[in-house]
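Below is one structure, written out as structure tokens; comments come after it.
Protein chains: 4
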Amino acid sequence: MSSRRRSAGRRAEVLDAAGEVVAARGADATRFSDVTAATGVGVSTLQYYFGTREDMLVAVFRHAAQRDFDLVRERLAPLTDPRERLLAIATHLTGAVGSDTTWRLWVESWRWASRDPGVRADVLADYRGWHELIAAEVEAAGGEDPMTTARLILALIDGLALPVVLGDPELTRAAAQRLLAGGLTRLLGPTAPAF
Amino acid sequence: MSSRRRSAGRRAEVLDAAGEVVAARGADATRFSDVTAATGVGVSTLQYYFGTREDMLVAVFRHAAQRDFDLVRERLAPLTDPRERLLAIATHLTGAVGSDTTWRLWVESWRWASRDPGVRADVLADYRGWHELIAAEVEAAGGEDPMTTARLILALIDGLALPVVLGDPELTRAAAQRLLAGGLTRLLGPTAPAF
Amino acid sequence: MSSRRRSAGRRAEVLDAAGEVVAARGADATRFSDVTAATGVGVSTLQYYFGTREDMLVAVFRHAAQRDFDLVRERLAPLTDPRERLLAIATHLTGAVGSDTTWRLWVESWRWASRDPGVRADVLADYRGWHELIAAEVEAAGGEDPMTTARLILALIDGLALPVVLGDPELTRAAAQRLLAGGLTRLLGPTAPAF
Amino acid sequence: MSSRRRSAGRRAEVLDAAGEVVAARGADATRFSDVTAATGVGVSTLQYYFGTREDMLVAVFRHAAQRDFDLVRERLAPLTDPRERLLAIATHLTGAVGSDTTWRLWVESWRWASRDPGVRADVLADYRGWHELIAAEVEAAGGEDPMTTARLILALIDGLALPVVLGDPELTRAAAQRLLAGGLTRLLGPTAPAF
DNA sequence: TATGAATGAGAGTTCATTCAT
DNA sequence: GATGAATGAACTCTCATTCAT
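Chains as they are written, first to last, in our numbering: chain A, 4 to 198; chain B, 4 to 198; chain C, 4 to 198; chain D, 4 to 198.
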């Protein structure tokens, strides 16, 4: 019992650390030994926990996606104004420490998804989850055609994240945040109040 | 001379084919032998052409980026109306066969750029090139703050490309094109004429 | 007591099943997990019963040799005519279902015996046991030089078993049995009555 | 050219040495590294020559079978009397240095054949080759029913080889040779002249 | 008595690369 | 200019085994 619980906790810790490794090195370049170096957990133990290397990567993707979603929900909890909530979702990009990790992992997931049907299903489901989350806020904010707008907003967020994470010197995080706020205003349409 | 020219032609052909391989398998998973299988050119010959495997990948990225840019310019040539030109750039995404290859290679480049300073410089320069191309059209179309708008437009394009290439069943190419057109209108601001 | 007896019974069952596995896969290729799959008994339990993997294999060999001997004795019990008894021993090869298992295990034992002194001693003792069993019948049948003849007969049986078990299409079981009967007649000498 | 020829020669040498290793350790237990230790040829070179480990083992079997057959033919060449020739074939068992290797490899082949259809076909073809070789001599020696007799003789040879190779203390090589000579006389029938 | 968790050792295989031609 | 032969490095994976319960 207690060993099983300890084991489960250990597994989750390993998943977190492995996520950092995958974000830093890329999924293809992540070896068992890299995760071992980052965690102190032996290679065979990783295999015991996760199975093959690819199984481990998939587990990392799922875990990271779940954490990301949970994190945003947490941030959203204290906010009630839909416009504030939208902005909170959007600036999830620029805010937290580790958000680079989040975006890198998202790209890694996307890449993996394009070759693995199981991961594709996961990623598309996550994608849909984000759409719905955003669409609900758009609707509450009085925006027209919530799903369409939500798609545009999410595309904008994703598309801005890429150069930010890449470290485009012309696009600091602050600049990105301003761009994002401005873009939201435009996308929500002329009738929506500006942020 | 003629053999050098023939050689250069062969190299370019190999780069095209290698680009397809990289798009299909991912850069990390692209082995010399995969390119050999796709081209009939022996492993040693690839090394003779490009050097190490990573050199080859970088050459593929540069070649693909150049081709992409050239292709858009070509498509833009017959168009004069800035709004039409903008839309042509934007729907570069949805149109041609092989655009999946383009977008996949873009993601591969982005990933490689995260870890290789040389590639990062290339990718950021390309990025800037696209911004300027778009900004010029925004300005010609009478949009305000062309660079800001250009960044938003490019982000929208990139952000929409991802689910399209991943094959999101809720986002057909036609739907993406409509979204894109709508998004452009909104981003260019209420004063800009609708597309 | 009862649990010990149950345990001993379980161990014997496991040995039977493990024998099948060894015959099918070969001793070297027999993993604990193969036996687990065949018996439902966990790996650790197998180790608890037998010790190391090699200990288990040796136990399988001894068990199988014993069973084989017991089985032949059983078949011999109702027969009194030495010639019939000899033929019964000889055709132990062609008769029963499961005789493939027997012969395969014999080859596996032989191979193991080549490298393990303990198993070699067991196998040579078994070998001697068969010789004596056969020699007694040869003597009773009036054959000359019983031990020599017994050796020849046993060699003939072993030598015929190999292609039969291998599934030589030119040597059906029926053909093997006829060959064996003919061979016995010749080996027992011209003065012995034909079978 | 010369490098290719050198390569072919090296390959054959390696096959000889690998045959010794397989005979000594058993096929299943033969690792690339064992052959490396025996030959000085690196593991990857072995793989370059043969492919997978199993491919190497199969190559060893074929090579050994061919060599064995060639060797007997060589020994047969100077002999004309069919009875002498038969005895030469039969005592192929006891004679040469390395005959243990031959028999051990034969058992290894047999075992491999029982799980690999390709090897089974090879082994059965070899088996048939030996039958035909023996049958021709039986016929020349005036024996009746040459194929049947050949089968019995071959079985006797195989069946005697096993305990000899195992080192049965009651069956020295000299004793085995006497047994074999006696067995041949009996199997060829009372009308055939004794050896 | 029986079993799951964890782990180290060892093997096969892939692959880029070097060298010689 | 182009290519095949040979080889070392690195990685995944399997498996027996030990430990704790």
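Cβ coordinates follow ideal geometry from the N, Cα and C atoms, glycine included. Remember, it's a predicted structure, so these values are computed and weren't measured experimentally.
| Query | Result |
| --- | --- |
| Chain B within 9 Å of alanine 32/A, Cβ atoms only | yes |
| Contact set for valine 126/A: own chain, Cβ-Cβ below 7 Å, skip 5 residues either direction | Ser112, Trp113, Ala116 |
| Cβ distance (whole Å) where alanine 143/C is taken to contact proline 85/C below 8 Å | 4 Å |
| Within chain C, partners of tryptophan 1/D - CB distance below 8 Å | An answer regarding residue 1/D cannot be provided, because it is not within the stretch 4 to 198 covered by chain D. |
| Within 9 Å, strictly: CB atoms of alanine 41/D and glutamate 23/D | yes |
| Check whether leucine 183/B and isoleucine 160/B have beta carbons under 9 Å apart | yes |
| Where alanine 30/A sits in the DSSP three-state scheme | coil |
| Contacts of tryptophan 113/D in chain C (Cβ-Cβ under 8 Å) | Val110, Leu165, Leu169 |
| Residues within the region 116–127 of chain A neighbouring chain B, beta-carbon criterion of under 8 Å | Ala116, Ser117, Arg118, Arg123, Val126, Leu127 |
| Test item: CB-CB of glycine 170/D and alanine 158/C under 9 Å | no |
| Sequence-distant residues of its chain with Cβ nearer than 6 Å to arginine 123/B (five each side left out) | Ala116 |
| For serine 117/D, three-class secondary structure by DSSP | coil |
| Nearest-angstrom Cα separation, counted from threonine 48/B out to arginine 65/A | 41 Å |
| Within chain A, the residues that glycine 281/B reaches when beta carbons sit closer than 8 Å | The structure shown does not extend to residue 281/B, since chain B is modelled only from 4 to 198, so the question has no answer here. |
| Beta carbon proximity, arginine 13/B to chain A, threshold 9 Å | no |
| Integer-rounded CB distance, given that leucine 190/D should sit under 8 Å from threonine 152/D | 6 Å |
| Beta-carbon separation (whole angstroms), valine 110/A vs isoleucine 92/A, contact threshold 8 Å | Incorrect: roughly 19 Å between the Cβ atoms, too far for contact. |
| Aspartate 84/A in three-state terms, based on DSSP | coil |
| Span separating the alpha-carbon of leucine 155/D from that of glycine 162/C | 8 Å |
| Residue-chain proximity (tyrosine 130/A, chain B), Cβ-Cβ < 9 Å | yes |
| For leucine 191/D, the three-state DSSP class (helix, strand or coil) | helix |
| Proline 149/B beta carbon less than 9 Å from that of alanine 164/B | no |
| Alpha carbon of glutamate 87/C to alpha carbon of arginine 88/D, nearest angstrom | 35 Å |
| Cβ distance (whole Å) where aspartate 19/D is taken to contact arginine 28/D below 8 Å | Contact flag wrong, Cβ pair sits at about 15 Å. |
| Nearest-angstrom Cβ-Cβ length linking alanine 32/A and aspartate 31/B, presumed shorter than 8 Å | 6 Å |
| Nearest to alanine 68/C (by Cα), restricted to the options Gly54/C, Arg107/C, Arg34/C | Arg107/C |
| CB contact check: leucine 190/D to chain C, cutoff 9 Å | yes |
| Near the ligand SAH: glycine 43/B beta-carbon under 8 Å from a heavy atom | Only the bare structure without any ligand can be found here, which leaves the ligand SAH out of the picture. |
| is_contact[alanine 68/B, chain A] using C-beta, thresh 9 Å | no |
| Closer than 9 Å to chain A by CB, proline 196/B | Note that proline 196/B scores a pLDDT of 47, beneath 50, so its modelled location is shaky; the value from the coordinates is reported in the next line. So, not an interface residue. |
| Segment limits, alpha helix (DSSP H) that includes threonine 42/C | 35–42 |
| Minimum Cβ-Cβ distance from alanine 144/A to chain B less than 9 Å | no |
| Minimum C-alpha distance to glycine 145/C - residue among Thr188/C, Trp133/C, Tyr130/C, Thr104/C | Thr188/C |
| Residues of its chain near tryptophan 133/C, where Cβ-Cβ distance is below 6 Å and the 5 sequence neighbours each way are ignored | Leu157 |
| Candidates His95/D, Arg34/D, Ala15/D, Pro120/D, of which the one nearest alanine 177/D by Cα | His95/D |
| Distance between alanine 179/B and proline 25/B (C-alpha atoms, nearest Å) | The displayed chain sequence assigns valine, not proline, to residue 25/B. Valine 25/B and alanine 179/B: Cα-Cα distance of roughly 25 Å. |
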